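Residues in the sequence shown are numbered from 5 upward in steps of one, following this note's numbering. No residue lacks a Cβ here, since even glycine has one placed at the ideal position from N, Cα and C. For clarity, every value in this text was computed on a predicted model and none was experimentally measured. Read through the structure below, which is laid out as structure tokens, and then see the notes.
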Amino acid sequence: MTDSSDEAKQIEKLYEFGERLNEAKDKSQNVKDYEGVIDATKTSLKAKQLAAQLIPRFFKFFPNLSSRALNAHFDLIEEEDLAVRVQAIRGLPLFCKDTKEYISKIVDILGQLLTADEIVERDAVHKALMSVLRQDVKESLTALFKHIWNVEEPSQDDTIRDKVLCFIRDKVFPLKADLLRPPEEMERHITDLIKKSLGDVTGAEFRMFMDFLKSLSIFGEKAPPERLKELIGIIEGQADLDAQFDVSDADHIDRLISCLFMAIPFFVRGAPGSKFLNYLNKHIIPVFDKLPEERKLDLLKALAEISPYTTPQDSRQVLPSVVQLLKKYMPRRKTGEETNFTYVECLLFSFHHLAHKAPNASNSLCGYKIVTGQPSDRLGEDFSEYYKDFTERLSSVEDLTRATIKKLTQGMAEHNKAMAAAKSDEAKDNIKTLKQNTTTGLRTCNNILVMTKPLHLKTPAFIGDKSVNLSWKEAIKPSALSTTTATGVKRPAAGSGSNNLAIKKGHGAGNMQNQLVNRALEGISYGGSGGRGRGRGWGRRGRGRGYR
């Protein structure tokens, strides 16, 4: 252990080295002084702290000593003493201020140091990284992203990777306007880095990257079509639309539906959705019955939201599958089976928007008599039985819908009475949730009646505008005191903003906590939707396709 007199001599000697180096006109001649600074890294703690300041300050003047100087400084970063480590970290950006070839190495080291436990040390790492980023953002980002895509030993490197991702999310992304200059060049560069990282991401990580890409000016509102196509291509790659679909692969189903919802804003802006639609039509809709229950509604919601933006050709291809599902969930005669009104709303909405773009395709599917002058009108064929079947199904679902509206309206009156009588905040919150569920149910039912009405005509006018707002688009999020307020009555899942409204003839909703609610909603059950925004990723990494 170094005594105080030895330490004082070491510090004094270091100050002498520093003064001579500082005053020298040709500092490269003071090799012995710089070697003395390097050697001080093997002495006392205070000398090490001072050496940690002097080594990077004069580093550029002694290229022949660069390896020795760097190794000595890196040893200081591994010191047990926190003050020495922090001082060494603070000095790292100086190594590459005038010697750009060291940027990649310094960023690599700083990336590893993001795992530091001490707050003051981690703060020093953050500041050092930001300093290097401002020196050369392109080279620094490239080095930083290597920690994301080059994970050879996951058990060892995952922590570093996750810390780097957090740093990029929390420190780099918010400062994009300041850091990414010139914008066009640097936004393209970081886009390429992100695309290269996507072969190995979780669902949450992918959503984070997509949210960032959407915020870049190169993908903004004035972006050309090829840029939107690029973003859709990224989402398609993550959805793995080139893979054979396996209905037992819950991970792929989650990924596919999540990606589908992510793609909708780009479809709205005119990006092509053919690949998604074709995949749904070919692989998913044919096995709809085998999908997990909580994902069926997600799929139908996504299909409904996409339908206004499909091309006539895609609409014509998908329409038969939608009609088949419609017939399944709109029984021709009243049965004891459950009628899922939310499914019906989704499918009717999809049917209208698809048929609006390919109207005569409905002739051979529903027996309509729409004339476009094209051979595909098939007016010489007799589809009258299809028309009779379809309109009977419409009438049946209308009867059930009106009966449900009556019950929901009665239920709302009971809720209002119960709210006036409620004493505790919990009771009021439960009733508020039931009211919100009922309101959403009424929206669903009213939408169904609006959409079935024109379909009774031989030549219906299909809805192709925004006159019908899907029920979950306007729903109010319930407060989140508990997941379930009563048996059979669940709060909507976070972010879904909707309930799955279903009626089962001859069966009650269960033993509800409030008998008023039980009477008002007898025969009606709500099931929470999986919905988008469930906050759940799709497995661990290795789930997507890279863009190398």
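Start and end residues, alpha helix (DSSP H) containing residue i
i	result
Leu232	229-243
Ile194	187-201
Arg337	That residue, Arg337, is in no alpha helix (DSSP H); it is neither H nor E in DSSP.
Gly22	8-27
Arg207	In the sequence on display, residue 207 carries Gly and not Arg. Start and end: 207-219.
Val472	No alpha helix (DSSP H) holds Val472; DSSP gives it neither H nor E.
Ile107	107-117
Ile152	141-153
Asp182	180-183
For residue j and residue i, believed in contact at Cβ under 8 Å, the rounded distance
i	j	result
Leu96	Leu54	Between Leu54 and Leu96 the Cβ distance is about 16 Å, and since that is not below 8 Å, they are no contact.
Ile467	His360	7 Å
Thr456	Phe345	In fact, because the Cβ distance is near 12 Å, the residues do not count as touching under 8 Å.
Ser144	Glu191	So it is not a contact: roughly 15 Å between Cβ atoms.
Gly115	Ile172	That pair is no contact at about 10 Å.
Leu197	Thr146	7 Å
Thr47	Gln14	5 Å
Ala362	Pro316	5 Å
Phe387	Asn367	6 Å
Arg126	Ala132	Incorrect: roughly 11 Å between the Cβ atoms, too far for contact.
Ile93	Val129	6 Å
Glu309	Ser475	That belief does not hold up - the Cβ atoms of Glu309 and Ser475 are roughly 12 Å apart, past 8 Å.
Val322	Leu281	6 Å
Thr314	Gly277	6 Å
Lys50	Glu11	6 Å
Arg299	Ile261	6 Å
His357	Pro312	5 Å
Lys199	Ile152	That pair is no contact at about 12 Å.
Leu232	Phe270	5 Å
Asp372	Pro464	The sequence given here places Tyr at residue 372; Asp does not occur at that position. Indeed they touch by this definition, with Cβ atoms about 6 Å apart.
7 Å Cβ cutoff, residue i in contact with chain D
i	result
Arg447	Judged by its chain identifiers, the structure shown contains no chain D, having just a single protein chain.
Contact test: residue i Cβ vs the ligand PLP heavy atom, cutoff 6 Å
i	result
Arg165	The ligand PLP is absent from the structure shown, which contains no ligand whatsoever.
Inset, instruction - Counting only runs of 4+ residues fully inside the region 363-434, write out the alpha helix (DSSP H) ranges in chain order. - result: 367-370, 388-425
Legend entry - Meets three-Cβ-pair contact criterion under 8 Å: the region 291-310 and the region 250-259: yes
Inset, instruction - Answer yes if the region 350-368 comes into contact with the region 406-418, meaning at least three C-beta pairs across the two stretches below 8 Å, and no otherwise. - result: no
Inset, instruction - For the region 249-302, list the alpha helix (DSSP H) runs that are entirely contained and at least 4 residues long, ordered along the chain. - result: 254-272, 278-283
Inset, instruction - Would you be able to state if there are at least three C-beta pairs under 8 Å between the region 60-69 and the region 98-117? - result: yes
Legend entry - Any alpha helix (DSSP H) of 4 or more consecutive residues that is wholly inside the region 34-85: 35-43, 49-61, 70-81
Inset, instruction - Count the CB pairs spanning the region 65-80 and the region 39-56 that are closer than 8 Å, and state whether there are at least three. - result: yes
Legend entry - Three CB pairs or more closer than 8 Å across the region 437-446 and the region 336-344: no
Legend entry - the region 203-211 / the region 243-251 touching (three or more Cβ pairs under 8 Å): no
Inset, instruction - Decide if the region 332-342 is in contact with the region 368-379; the criterion is three or more beta carbon pairs, one per stretch, under 8 Å apart. - result: no
Inset, instruction - Would you be able to state if there are at least three C-beta pairs under 8 Å between the region 425-438 and the region 396-413? - result: no
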